[in-house]
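Student:
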Amino acid sequence: MSKLRSITGILPSVCVVYTDETCTTIDEKAYRAHLRHLLTMDLGAVVCGGHAGETECMTMEERLKVIKIVKEEVKGKVPVVGGVIADGTKEAIEQGRQVKSAGVDAVLFCEPAIIGWDRETSGVFLVEHIVRFDEEVDIPMILFGAPNPWCGGTYNVSAKTFKEIARRVENVVACKITGMYDMGAWRDAVAAFRSVRPEIGCLSAGSANFLALCMYGADGTLSGAHNFEAEDDIALLKAVKSGNYKEAVAIRDKMEPVMDVVYGSRAGLCPTYFHYRYKVAAWLLGYIPRPHMRLPQVPISEEEVEILRQALIKAGKKVVRKTEPFSIAKT
15 MSKLRSITGI
25 LPSVCVVYTD
35 ETCTTIDEKA
45 YRAHLRHLLT
55 MDLGAVVCGG
65 HAGETECMTM
75 EERLKVIKIV
85 KEEVKGKVPV
95 VGGVIADGTK
105 EAIEQGRQVK
115 SAGVDAVLFC
125 EPAIIGWDRE
135 TSGVFLVEHI
145 VRFDEEVDIP
155 MILFGAPNPW
165 CGGTYNVSAK
175 TFKEIARRVE
185 NVVACKITGM
195 YDMGAWRDAV
205 AAFRSVRPEI
215 GCLSAGSANF
225 LALCMYGADG
235 TLSGAHNFEA
245 EDDIALLKAV
255 KSGNYKEAVA
265 IRDKMEPVMD
275 VVYGSRAGLC
285 PTYFHYRYKV
295 AAWLLGYIPR
305 PHMRLPQVPI
315 SEEEVEILRQ
325 ALIKAGKKVV
335 RKTEPFSIAK
345 T
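At position 318 of the sequence shown (counting the first as 1) the number is 332 in the numbering used here, and the numbers step up by one without a gap.
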C-alpha cells in the first residue's frame with residue numbers, strides 16, 4: 015500500500031478479546047473472528063491502537079502481536095492503524111518506530127497528558143512534540159484531539175494549534191476530533207485543518223452526534239462503538255453523502271437510545287464507562303465471547319448491562335445474551 019495522504023470513512027477501534035475474566039491472555043481465535051466480522055463491511059481502516067482497543071494497557075509485545083494478527087486478517091484491503099500513547103516524546107518515538115516496523119500504514123497519535131495544559135498558551139508543547147515525532151518516525155498519522163475543554167485538560171487543542179500542526183506536519187492525514195457536543199468548536203477545528211490541507215480526513219470521535227457532525231463536515235468516524243454498530247454508521251454516512259437525509263435521520267433515531275446509554279450522560283449514567291459499554295454491547299450481540307477489560311477499566315453494573323440490553327432490543331438489534339454481572343479483572 016502506498017503512503018497515505020488521507021483517511022476517511024468508518025474506522026473501528028477494535029476491542030481486544032481475552033480468554034477469561036483475568037484478562038491475562040489475548041484470545042487470538044476470538045479476536046480474529048471479530049475482525050473477520052468487521053471486515054465484511056465497508057470500512058475506511060482498521061484501528062488496533064486506540065483506547066477502546068486497550069493499547070495503553072498492553073505490553074509492547076502484545077501490541078505488536080495484535081498488529082500482526084490484524085495485518086494477517088486485513089490482507090491489504092484497508093489501511094491498518096497502530097497506536098502511539100505516550101506522555102514523553104522519546105517514548106512516543108520509540109513506540110512509533112516499533113509499530114512502523116510491524117507494518118502499520120498509519121498511527122493514531124494521542125497527545126500527552128501534561129498537568130496544567132492550557133489550550134491557548136501551551137499549544138507549542140504539542141506542536142513540537144508532534145514535529146519531532148514526525149522527523150524521527152516519518153509515518154502517516156491520525157491526530158487525537160479536542161477543539162474545546164469538553165475533555166478537561168486532556169486532548170484540549172485550539173483551532174490555532176490544529177492549523178499549525180497541519181502546516182508543519184505533512185504526515186497528518188486525519189484527525190479524530192472529540193468534544194462532539196460543541197458544534198461551533200467542531201466547525202472551527204475542521205476549518206483550521208482544511209484551510210491548510212483540504213485532504214485531511216476530519217473524523218468524529220464516537221457515534222453519539224454523528225449525524226450532526228456529518229452535517230458540519232465529518233468525513234467519517236473513529237470509534238469503539240463500531241465493535242457493535244459499524245453497519246449503522248456506514249449506512250448513515252452513505253445516506254448523508256447521497257443527500258438522503260430522511261434515511262440518515264431514521265438511522266440516527268433508531269440508534270439514539272443505545273448511544274444515550276453507551277455515552278451515559280443523556281441517560282443519567284456515568285460517561286466514564288463508555289469503553290466498557292462498547293464491549294458489553296458487542297458481547298450482548300454475540301460478536302465477541304467475553305466483554306472483560308483490563309484495569310484500570312472496571313465493569314459496569316448488572317443493572318447497567320440490562321439497561322444497555324433493553325436499548326439494543328429497542329433499536330431492533332438481535333440480542334443473543336442475557337444480562338449477567340462481571341467482575342473486576344485481576345491484572
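Each residue gets a CB set at the ideal place from its N, CA and C atoms; glycine is no exception.
#1: Using the DSSP secondary-structure output, state which residues sit across from Cys234 in a beta bridge.
#2: Any beta-carbon of chain C closer than 9 Å to the one on Val333?
#3: Give a yes or no on whether the C-beta atoms belonging to Asp233 and Cys216 are separated by under 9 Å.
#4: Kindly provide the ranges of any alpha helix (DSSP H) runs that are 4 or more residues long and lie completely inside the stretch 62–137, ordered along the chain.
#5: I need the DSSP call for Phe307, collapsed to helix, strand or coil.
#6: Quick one: give me the first and last residue of the beta strand (DSSP E) that Ile156 is part of.
#7: Shortest alpha-carbon distance to Glu338 belongs to which of Ile83, Val319, Val30?
#8: When we look at the beta-carbon of Val187 and count the other beta-carbons within 10 Å, is it buried (16 or more) or exposed?
#9: Is the Cβ-Cβ distance between Gly63 and Val31 less than 9 Å?
#10: Could you compute how far the alpha carbon of Thr33 sits from the alpha carbon of Tyr292?
#11: Would you mind reading off the limits of the beta strand (DSSP E) that contains Ile191?
#12: Which value, in whole angstroms, describes the spacing of the CA atoms of Glu243 and Ala120?
#13: In whole angstroms, what separates the C-alpha of Thr73 from that of Met307?
#14: For Phe224 and Met269, I'd like the C-alpha separation in whole angstroms.
#15: Is it buried or exposed for Ile129, if we count other Cβ within 10 angstroms and need 16 for buried?
#16: If you follow the alpha helix (DSSP H) that Asn241 is part of, which residue opens it and which one closes it?
#17: Per DSSP, Ile327 is paired with what?
#18: Could you check the C-alpha separation between Thr54 and Gly300 for me, to the nearest Å?
#19: Just checking my contact of Ala66 with Cys124 at CB under 8 Å: how many whole Å lie between their CB atoms?
#20: For Val312 versus Ala295, is the C-beta spacing smaller than 9 Å?
#21: Among the candidates Ile248, Glu142, Ser115, Ala199, whose CA atom is the shortest distance from the CA of Glu75?
#22: Apart from the five residues on each side of it in sequence, which residues of its chain come closer than 7 Å, Cβ to Cβ, to Gly110?
#23: May I ask which residues mark the beginning and end of the alpha helix (DSSP H) holding Asp202?
#24: Specify the secondary structure class of Tyr32 as computed by DSSP and reduced to three states.
#25: From what residue to what residue does the alpha helix (DSSP H) around Arg291 run?
#26: Going by Cα to Cα distance, which pick from Lys177, Val171, Cys189 is closest to Leu157?
#27: Hey, Val141 and Val95 are a contact pair by Cβ (cut 8 Å); roughly how many whole angstroms apart?
#28: Taking DSSP as the reference, what is the three-state secondary structure of Val60?
#29: If you draw a straight line from the alpha carbon of Ala100 to that of Glu70, how long is it in whole angstroms?
Tutor: Looking at the coordinates:
#1: Reading the sequence as shown, one finds Gly at residue 234 and not Cys. Gly23, Leu217.
#2: The question asks about chain C, but that chain is absent: this structure has only one protein chain.
#3: yes
#4: 74–88, 103–115
#5: Per the sequence presented here, residue 307 reads as Met, with Phe not at that position. In the structure shown, Met307 sits in coil (DSSP, three-state: anything other than H, G, I, E or B).
#6: 155–159
#7: Val319
#8: buried
#9: no
#10: 18 Å
#11: 186–191
#12: 24 Å
#13: 15 Å
#14: 11 Å
#15: exposed
#16: 240–255
#17: For Ile327, which the question treats as bridged, DSSP gives no partner whatsoever.
#18: 16 Å
#19: Rounded, the Cβ-Cβ distance is 12 Å, inconsistent with contact.
#20: no
#21: Ser115
#22: Val98, Val121, Phe147, Val151, Ile153
#23: 197–210
#24: strand
#25: 288–298
#26: Cys189
#27: The pair is not a contact, with the Cβ atoms about 22 Å apart (cut-off 8 Å).
#28: strand
#29: 8 Å
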